[in-house]
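Chemist:
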Ligand code: HSE
């Protein structure tokens, strides 16, 4: 039996999960390939540190180029994370004629096109199923089984940490800081949670999905992105009263030749399937013009779910190596030059203001909104507010408008002292059907 040789760059959670997935199901994996899989080298820069996994020490190397330049190795599995040096290692591996499997959304969102071009030039394969949605096989689905569809919209809950935090705030009425601390203690949130809670991790994943589904190259820094740090339990409670769950939603929508996208805390109606996705689970909801509505649901993080996705890519490449088939590229380069991005586009918004409790205030607010062409869909005023300041919370849901227009109207409310403060602004998702 042929032996297909792997070199793994990295020894973090995903690398350990990949190793464990192979050991767990080796017989089935090798049976499906018709060849054996051998991990011959693992990059571990600190081999003396206890990694909490029983891996033979002789596999460890401290120089990545012992893997990248090893003529015996067929597939380089990049599981270091971060844009650099991971991009350089992948590029060098592709140039050295190795197939590459990665889970690295930051490197792909930044350099996916360049890496894909290198794979094409060198007649090797680049696979990255684990970069979006952890164990959910979304990339395989949209690049194979669903290729015959045209998609107008994608919605995603693409980050387990933030979905866990929002779920705990919603279900248990806990404050953001308290849930974050608890999530860090349970190992569900990183010690430095910035990339997760500020939405950057989701923006990377959305950028990859957009390139595959719509053929548009939108760097993550061009996707309007807002994290969850300013979401309060007060907002979550008002959203519940209006019939919505608050979710950190990635969304992208195509209409004719324009395209809008964003990552932000969004009110999702209880009736939408994505509203029921809780805790560390992820989901991707999309509607194809042939297949209709689909939702992919599963664990978006964790060693074994992510290791399962990495192994899936390894198996698909290994089968081609075993059968000596030609290399196969994902249709990532199908760029649609006609589509232009208009930023966030028009949406309904939830707005929480704090205003003086006195006659005429509501009239001033609604006429200001009116002058900016913003219509009010729903409104709630609580008589109880901040007694010392004599202010009350006012909650609005406004009809579709541009966020820039809304921000100008809100600024005018503050400048003219019609309101004391803008508490929060979140998008409201309105399903098309
Ligand atoms: N940190 C991510 C999450 C997993 O919490 O979903 C890796 O993309």
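In the working numbering, the protein residues as written are 15 to 447. Idealized CB from N, CA, C, for every residue including glycine. On a predicted model such as this, the values are computed, not experimentally measured, just so you know.
Inspect the CB distances between the region 186–194 and the region 354–361 and report whether three or more fall short of 8 Å.
Modeler: no
Chemist: Exposed or buried, what is residue 322 when buried is set at 16 or more other beta-carbons lying within 10 Å of its beta-carbon?
Modeler: A buried status is given to residue 322, since no fewer than 16 other beta-carbon atoms sit within 10 Å of its beta-carbon.
Chemist: By alpha-carbon positions, which one of 412, 84 and 174 ends up nearest to residue 367?
Modeler: 412
Chemist: Using a Cβ-Cβ cutoff of less than 8 Å, which residues in the same chain neighbour residue 198 once the five nearest sequence positions on both sides are dropped?
Modeler: 204, 205 and 207
Chemist: DSSP three-state call for residue 34: helix, strand or coil?
Modeler: helix
Chemist: Excluding five sequence neighbours on each side, which residues of the same chain lie with their C-beta closer than 6 Å to the C-beta of residue 50?
Modeler: 15, 17 and 44
Chemist: Determine the contact status of residue 216 and residue 173, defining contact as a CB-CB distance below 7 Å.
Modeler: For residue 216 and residue 173, yes; Cβs fall inside 7 Å.
Chemist: Distance check for residue 47 and residue 347, CA to CA, integer angstroms please.
Modeler: Reliability fails at residue 347, whose pLDDT of 47 lies under 50, so the model's placement of it is uncertain and the value that follows must be treated cautiously. The alpha-carbon atoms of residue 347 and residue 47 are separated by roughly 28 Å.
Chemist: Would you list the residues sitting across from residue 276 in a DSSP beta bridge?
Modeler: BP columns for residue 276 point to 265.
Chemist: Going by CA-CA distance only, name the one from 73, 66 and 68 that's closest to residue 58.
Modeler: 73
Chemist: Run the CB neighbour count on residue 161, radius 10 Å, all protein chains shown included, and call it buried at 16 or more, exposed below.
Modeler: Under the 10 Å beta carbon count, residue 161 is surrounded by fewer than 16 other beta carbons and is classified as exposed.
Chemist: Return the chain-ordered list of same chain residues with a C-beta closer than 7 Å to the C-beta of residue 389, the five sequence neighbours on each side being excluded.
Modeler: 412 and 413
Chemist: Should the region 292–308 be called in touch with the region 163–182, which here means at least 3 C-beta pairs below 8 Å?
Modeler: At 8 Å Cβ cutoff, the stretches touch.
Chemist: Can you list, in chain order, the stretches of the alpha helix (DSSP H) that have 4 or more residues and sit fully within the region 65–145?
Modeler: 79–82, 100–109 and 119–135
Chemist: Does the region 291–298 come close enough to the region 118–138 that 3 or more CB-CB pairs lie under 8 Å?
Modeler: no
Chemist: At a threshold of 6 Å, does residue 173 count as lining the ligand MN (C-beta to nearest heavy atom)?
Modeler: In the structure on display, the ligand MN does not appear, and the ligands it does have are the ligand HSE.
Chemist: If the criterion is Cβ atoms closer than 7 Å, does the pair residue 115 and residue 107 meet it?
Modeler: no
Chemist: Quick check: what's the CA-CA separation for residue 326 versus residue 29?
Modeler: 14 Å
Chemist: I'd like the list of long-range same chain contacts for residue 159, defined as Cβ closer than 7 Å, with 5 residues on each side in sequence excluded.
Modeler: Taken in chain order, the list of residues that qualify is empty.
Chemist: List the whole-angstrom C-beta distance separating residue 331 from residue 141, where the pair is believed to meet the contact cut-off of C-beta under 8 Å.
Modeler: About 6 Å separates the Cβ atoms of residue 331 and residue 141, confirming a contact at the 8 Å cut-off.
Chemist: Evaluate contact between the region 219–239 and the region 258–271, counting only Cβ atoms and requiring at least three cross-stretch pairs below 8 Å.
Modeler: yes
Chemist: Please identify the residue among 212, 209 and 178 whose C-alpha is closest to the C-alpha of residue 196.
Modeler: Here the closest residue by C-alpha is 178.
Chemist: For a test of the three-state rule: what should DSSP assign to residue 251, helix, strand or coil?
Modeler: helix
Chemist: With a floor of 4 residues, list each alpha helix (DSSP H) that falls wholly inside the region 332–417, ordered by position along the chain.
Modeler: 375–385
Chemist: Skipping 5 residues on each side, what residues in its chain have a beta carbon closer than 8 Å to that of residue 280?
Modeler: Taking residue 280 as the centre and dropping the five residues before and after it, the same chain places the C-beta of 260, 261, 262, 263, 265, 440, 441, 442 and 443 closer than 8 Å to its C-beta, in chain order.
Chemist: So, under 8 Å CB-CB, residue 317 and residue 34 are touching, yes? Tell me the CB distance rounded to an integer number of Å.
Modeler: 7 Å
Chemist: With DSSP run on the structure shown, which of helix, strand or coil describes residue 62?
Modeler: Coil at residue 62, not helix or strand.
Chemist: Between residue 213 and residue 169, what straight-line distance do the alpha-carbon atoms span, to the nearest angstrom?
Modeler: 15 Å
Chemist: Run through DSSP, which three-state label would residue 204 get?
Modeler: coil
Chemist: How would you write the range of the alpha helix (DSSP H) that residue 182 sits in, first residue to last?
Modeler: 174–186
Chemist: At what residues does the alpha helix (DSSP H) containing residue 214 begin and finish?
Modeler: 214–227
Chemist: Please go through the same chain and pick out, in chain order, the residues whose beta-carbon is closer than 7 Å to the beta-carbon of residue 153, but skip the five residues on each side of it.
Modeler: 142, 143, 146 and 226, listed in sequence order.
Chemist: With 16 other CB atoms within 10 Å as the buried threshold, where does residue 221 fall?
Modeler: buried
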